[in-house]
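Asker: Which chain is which? The protein sequence lines are Z and X, in order.
In terms of our numbering, the first sequence opens at residue 3 and continues consecutively.
In terms of our numbering, the second sequence opens at residue 30 and continues consecutively.
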Amino acid sequence: MSDDQWFPIIHKDRCVGCGACIAQCPTQALEQRGGKAALVWPERCIYCADCETLCPHNAIEIPYLVCLPTSHNRKVS
Amino acid sequence: MQIVERLAELPYFAALAPAQLTALAQHCQPRAFPAEGSIFLEGEPAAGLWLIETGRVKIHKVNPQGEEHILHLLGPGNTFNEIAALDGGPNPADATALTPVQLWLLPSAALHRLLQTDALLSYRIIGILAGRVRMLVGQIEDLALYSVTIRLARFLLKQLDDPALSGPGVTRAAIAAHLATKPETVSRALRTLEQAEAIQFDRHRIIIVRQDILRTIAAL
């Protein structure tokens, strides 16, 4: 997975469309689509993880890559 | 690629002779599951021994409150459900695909027949089971004796040591389930490790910048 493919994962089955993440996203990367949160502007996402932290339904997860300084591209987790 | 060749590429069966692999291949059944697909549930009758060809699988238990505890994260070449396949009891935990997975199922009856005739395979499975017991004893020790920060440090170091866990990334929720704690607690522990200058965040990366510090925190 290349660097530009790491984004928050929104579980549509858990999202109730409350809009909390959209209201709090510091870069307005999220919008409502079909009654659910959607990462409409992924290039704006700064990976702050605020959306994951505040979602009351655990519908958003932020995946991380655990690595060493010299092996940024090695997928180990 | 023939089934025999694919099985021979699994570390589990790498030492088996071609004739043994051929006998094995006659019994192994290919299975595929999508990401988040349930492979089996705790308490169900065990179908047999499972081998991972591609993808990642979690072995986990869920308590009545819906809280999950991940026992094992497994990747290509790993096997699971040996215990139930051998003792004939029900599955001891749930198995769920974390990514799309391709698996091999060796039915329990076929496994029992192979074990009776193949000492090398028997030794290999005993070795795997012994490793599992050691891992579970280690988990009990971690839960009983060590803080979440220490357990998290150990978890992060283990990620570096196990190439079988290569995959699409790890989330706070997954780490929390593995450490038997809450995602908020994982966040606090990650901050503690960051303040100790053992790790740094670089967008989606958790970079272990000082393995020595992390090992000290991990009490290793």
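Glycine is no exception: its CB is placed at the ideal position from the N, C-alpha and C atoms.
Being a predicted model, the structure only gives us computed values, none of them experimental.
(1) Please determine, among P63(X), I32(X), S67(X), T210(X), the residue with the shortest C-alpha to C-alpha distance to T51(X).
(2) Counting beta carbon pairs with one atom in the stretch 14 to 29 of chain Z and one in the stretch 158 to 171 of chain X, are three or more of them shorter than 8 Å?
(3) Give a yes or no on whether 8 Å exceeds the smallest Cβ distance from G66(X) to chain Z.
(4) Which value, in whole angstroms, describes the spacing of the CA atoms of L56(Z) and C57(X)?
(5) Measure the alpha-carbon distance for E48(Z) versus T210(X) and round it to whole angstroms.
(6) Measuring only between beta-carbons, confirm whether G72(X) sits less than 8 Å from chain Z.
(7) I'd like to check one pair, A64(X) with L127(X): are the Cβ atoms closer than 8 Å?
(8) If we cut at 8 Å on Cβ distances, does I236(X) have a partner in chain Z?
(9) List the residues of chain Z that L185(X) touches, going by C-beta distances under 7 Å, in chain order.
(10) With which residues is R234(X) paired in a DSSP beta bridge?
(11) Exposed or buried, what is Q188(X) when buried is set at 16 or more other beta-carbons lying within 10 Å of its beta-carbon?
(12) Return no unless some Cβ of chain B is closer than 8 Å to the Cβ of W43(Z).
(13) Terminal residues of the continuous beta strand (DSSP E) containing T51(X)?
(14) On the DSSP bridge assignment, give the partners of L41(Z) in chain order.
(15) Looking at L78(X) and T108(X), is the spacing between their C-beta atoms short of 8 Å?
(16) Pairing CB atoms from the stretch 174 to 183 of chain X with CB atoms from the stretch 142 to 152 of chain X, are three or more of them under 8 Å?
(17) Following the continuous beta strand (DSSP E) through P136(X), name the residue where it begins and the one where it ends.
(18) Kindly indicate which residue of L53(X), I228(X), A46(X), R244(X) has the alpha-carbon position closest to the one of A139(X).
(19) Would you say I24(Z) lies against chain X (beta-carbon separation less than 8 Å)?
(20) Between the stretch 99 to 126 of chain X and chain Z, which residues of the former have CB atoms less than 8 Å from a CB of the latter, in chain order?
(21) If we define contact as Cβ-Cβ less than 8 Å, is G84(X) a contact residue for chain Z?
(22) Measure the C-alpha to C-alpha separation of T83(X) and W43(Z) and round it to an integer number of angstroms.
(23) Within 10 angstroms of its Cβ, does V166(X) collect 16 or more other Cβ (buried), or is it exposed?
(24) How far does the beta strand (DSSP E) with F62(X) in it extend, from its first residue to its last?
(25) Going by the DSSP bridge assignment, what does T125(X) pair with across the sheet?
(26) Counting only C-beta atoms, is H233(X) closer than 8 Å to chain Z at any point?
(27) Grab the span of the beta strand (DSSP E) containing E226(X) for me, first residue to last.
Answerer: With the structure as the only source:
(1) I32(X)
(2) no
(3) no
(4) 46 Å
(5) The amino acid occupying residue 48(Z) in the given sequence is Ile; Glu does not appear at that position. Taking the straight line joining both Cα atoms gives about 27 Å.
(6) no
(7) yes
(8) yes
(9) V68
(10) L67(Z), D231(X)
(11) buried
(12) The structure shown has no chain B; the protein chains it does contain are Z and X.
(13) Taken as a continuous stretch (DSSP letters only), T51(X) belongs to no beta strand (DSSP E), being part of the alpha helix (DSSP H) at 47 to 54.
(14) L32(Z)
(15) yes
(16) no
(17) 130 to 136
(18) L53(X)
(19) no
(20) none
(21) no
(22) 32 Å
(23) exposed
(24) 58 to 62
(25) S67(X), K87(X)
(26) yes
(27) E226(X) -> no beta strand (DSSP E), and no H or E assigned at all.
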